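Peer 1: Shown below is the structure under consideration.
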Amino acid sequence: MPVKTINPKQKLLLGAGFDVLHFENKEWLSTIRFWKDEVKFFDNLLNKKGILETNKQDYLKMLKSLDKIHTDLFEDIEDDIIAHEKLLSRIEKAEKGLSDNLYREEHQKILNRIETFKTDFSQFKKIVFDFTKNI
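As numbered in our numbering, residues 15 to 149 make up the sequence shown, in order.
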């Protein structure tokens, strides 16, 4: 069974000021832009002539994983971070019905999703690198 590593800064960040949480949101968006470039690189690499013939089953599995990464990254996580930033703006304007705790809970959920995605993406990259080394 995998051991879950606890990030000690998670608890500290969730108690931090909104400026610190805003900065973390910006870091996430920057990381996602970098991951988008990596996804383009892997897409180009996997679509190079000759790779399909090498091992069709592994190739198709990687393309399916790449499609999942694209969906999770481009359509889901990034949109949620942007919506989260908008929520922060509304809280800072003291809009009624919004709470500090709601924002912090959402921040924790996004942080957990980012960490899970980071792990999944790293595993995907290892698979692609191992696959292309043997071509």
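C-beta: ideal position from N, C-alpha, C; glycine also. All values derive from a computational prediction rather than experimental measurement.
Could you check what DSSP says for N61 in three-state terms: helix, strand or coil?
Peer 2: coil
Peer 1: Output needed for Y157: all residues of its chain with C-beta closer than 7 Å, excluding positions within five of it in sequence on either side, in chain order.
Peer 2: Nothing about residue 157 can be reported from this structure: the residues present for the chain run from 15 to 149 only.
Peer 1: Residue range of the alpha helix (DSSP H) that A97 falls in?
Peer 2: E92 to E106
Peer 1: Starting from the C-beta of L60, find all residues in its chain whose C-beta is less than 8 Å away, skip the five residues before and the five after it, and write them out in chain order.
Peer 2: Y73, M76, L77, L80 and V142
Peer 1: Around the Cβ of I96, are there at least 16 other Cβ atoms within 10 angstroms (buried) or fewer (exposed)?
Peer 2: exposed
Peer 1: Going by beta carbon distance, what residues of the same chain come within less than 7 Å of F135, once the five residues before and after it are set aside?
Peer 2: W49 and I83
Peer 1: Look at the alpha carbon of I20 and the alpha carbon of L43, and state the distance between them as a whole number of angstroms.
Peer 2: With a pLDDT of 47 at I20, under the threshold of 50, the modelled position of this residue cannot be trusted; read the value that follows with caution. In this model, I20 and L43 are separated by some 22 Å (Cα to Cα).
Peer 1: When the Cα atoms are used, what is the spatial distance from F88 to K40?
Peer 2: Going from the Cα of F88 to the Cα of K40 covers about 16 Å.
Peer 1: Note down, in chain order, each residue of its chain lying with its Cβ closer than 7 Å to the Cβ of K62, except the 5 sequence neighbours on either side.
Peer 2: none
Peer 1: Could you check which residue in Q137, F131, F145 and K139 has the C-alpha nearest to that of T45?
Peer 2: F131
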